[in-house]
Each structure stands twice: as structure tokens, then as C-alpha cells.
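Enquirer: Please read through the structure below; I'll follow up with questions.
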Amino acid sequence: DGGITQSPKYLFRKEGQNVTLSCEQNLNHDAMYWYRQDPGQGLRLIYYSQIVNDFQKGDIAEGYSVSREKKESFPLTVTSAQKNPTAFYLCASSPGGGNTIYFGEGSWLTVV
Amino acid sequence: RKEVEQDPGPFNVPEGATVAFNCTYSNSASQSFFWYRQDCRKEPKLLMSVYSSGNEDGRFTAQLNRASQYISLLIRDSKLSDSATYLCVVNNPPSASKIIFGSGTRLSIRP
Chain A
1 DGGITQSPKY LFRKEGQNVT LSCEQNLNHD AMYWYRQDPG QGLRLIYYSQ IVNDFQKGDI
61 AEGYSVSREK KESFPLTVTS AQKNPTAFYL CASSPGGGNT IYFGEGSWLT VV
Chain B
1 RKEVEQDPGP FNVPEGATVA FNCTYSNSAS QSFFWYRQDC RKEPKLLMSV YSSGNEDGRF
61 TAQLNRASQY ISLLIRDSKL SDSATYLCVV NNPPSASKII FGSGTRLSIR P
């Protein structure tokens, strides 16, 4: 099946630890995205990538890092510098150029 | 000013009612506009794209007003299953691929 796969679905992290959220797509999309959603809030853009080996900061990039070494993969690392990382993280992809974006099922990160 | 602004609601309307949402955007160069629907604790899903000429899909109608920089969504004959959060989505040039979401409008349909 074509789609976007995020893993893990639920993740618990101790304070001070880095964690990496995986996002893989087999839609052959050029653009990929990471958004963060806090309870009762909208989606905020963390990073996006329009092409392999290139990515841009979104509105809340501090404390996060990404890589785009392969077209199908766009992992997000939540570093210890992110002060309040507990949130719902959504990965998305798109053909690019302002076309419709499609989401994975999301990853719930909780800091304990 | 936020790039995309929506009335957060909640809108609480009876089944069968017509309800309308508006969304304003700040970048006059934006070219892509969408409405997404998000159910509680789920990922957003595309409801419809919004075209300059307006478009309709069953009970849903979307309009774009470039002069005033807003888009609208009209839901007619609302169903219980329409209860969800509706997200306004706009691209943000100069990067056509930078996609920004509004904070969403919560809709609750009561029997």
C-alpha cells in the first residue's frame, strides 16, 4: 500500500535524552514535512524539505534536527535542547509546489 | 499578524443546520488553499482544495476571496459525523512548498 509510515506511534523519553522519530513514504513525493501539535492547538511547522539533501526551518525549529539523505525518508530528532517536547508529531509528504499534503498517523511523544 | 487565522469556535449547531467558517491569510502571494478535517487524536485529512472559481463537493462548498485574503467553507445539512476540527491550510511563498495550517475551528453537531 502507498502511504506514509511513522514510527514509533508512542514514545516516552526521559528529560535530557535525544529521540528520533522515523518517517518513510513510498508515494515518490519530493516534499516532506514535520509538524508539531499540542493539545487543543493547530499544527506548527518544524522543518520541511523540498528535495533530497535540502531542508528549511519552519516556525519552531529550535531544539529539533532533521536529515533528508533519501527521497523516501525524513527523520526528526528531538534534542535535549527542546524544552517542552511532549506533543503529537505529524509527518507529511507532498508532490511539492503547493500541492496537497498527506499525513502519516502521527507519533505521540511524552517526556517523563 | 499570524500567517493563517481562524475562529477557534467551538461551533455547536443542530443536525441539519448550515454552518460557515472563514479563514484569513496574510501572504498575498499565496497560491494554494485547502480545507482539512481532523478528528480527535488523528491525523488531518484533506477535505477539499479551494480554487479561485470556488468549488463544491456534495454538502461542502469552498470559496476564495483574493482581494480580502480569506477563504471560506460552507457545510449544508450538517450531519453528526461532521463533528471535527476544520483546518485552513495555505502555502506561504516565496517557497511554494511551505505549507502553513491555521489553528483550526472546532465543530460539534448535536442531534
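Chains as they are written, first to last, in our numbering: chain A, 1 to 112; chain B, 1 to 111. Glycine residues also receive a C-beta, built at the ideal position from the N, C-alpha and C atoms.
What does A/Ser94 touch in chain B if you count any residue whose Cβ is under 9 Å from its own?
Expert: Those within 9 Å of A/Ser94 in chain B are Ser97, Ile99.
Enquirer: Check for me: the beta strand (DSSP E) holding B/Asn91 runs from which residue to which?
Expert: 84-92 is the extent of the beta strand (DSSP E) around B/Asn91.
Enquirer: Quick check on this structure: which residue in A/Trp108, A/Gln17, A/Val52, A/Gly3 has the alpha carbon closest to the alpha carbon of A/Arg68?
Expert: Comparing Cα positions, the closest option is A/Val52.
Enquirer: Go to B/Ala20, then tell me how far its beta strand (DSSP E) extends in each direction, as first and last residue.
Expert: It spans 19-25 - the beta strand (DSSP E) in which B/Ala20 sits, taken as one unbroken run.
Enquirer: Curious, which full-length beta strand (DSSP E) runs of at least 3 residues does the stretch 35-97 of chain A contain?
Expert: DSSP runs (the beta strand (DSSP E)) wholly in the stretch 35-97 of chain A: 43-51, 54-57, 64-66, 76-78, 87-94.
Enquirer: Measure the CB-CB distance between A/Pro75 and A/Ser7 and report whether it falls below 7 Å.
Expert: No, the pair does not count as a contact, with Cβ atoms beyond the cut-off.
Enquirer: Please list the partners that A/Ala31 has in chain B, where partner means a Cβ-to-Cβ separation under 7 Å.
Expert: Simply Ser97.
Enquirer: Do you know whose CA, among A/Ser107, A/Phe12, A/Thr20, lies nearest B/Arg41's CA?
Expert: Minimum Cα distance to B/Arg41 is reached at A/Ser107.
Enquirer: Does the stretch 9-18 of chain A touch the stretch 4-24 of chain B, meaning 3 or more C-beta pairs lie closer than 8 Å?
Expert: In short, these stretches do not touch, since the Cβ pair count stays below three.
Enquirer: At the level of alpha carbons, what is the spacing between B/Ser143 and B/Asn91?
Expert: The requested residue 143 of chain B does not occur in the structure, where chain B is confined to residues 1 to 111.
Enquirer: Whole angstroms are fine: how far does the CA of A/Asn26 sit from the CA of A/Pro95?
Expert: Each residue's Cα considered, the two are about 12 Å apart.
Enquirer: If you draw a straight line from the alpha carbon of B/Phe34 to that of B/Ser103, how long is it in whole angstroms?
Expert: When rounded, the distance between both Cα atoms is 14 Å.
Enquirer: Tell me whether B/Asp82 is buried or exposed, calling it buried when 16 or more other Cβ atoms sit within 10 Å of its Cβ.
Expert: Looking at its Cβ environment, which holds 16 or more other Cβ atoms inside 10 Å, B/Asp82 is buried.
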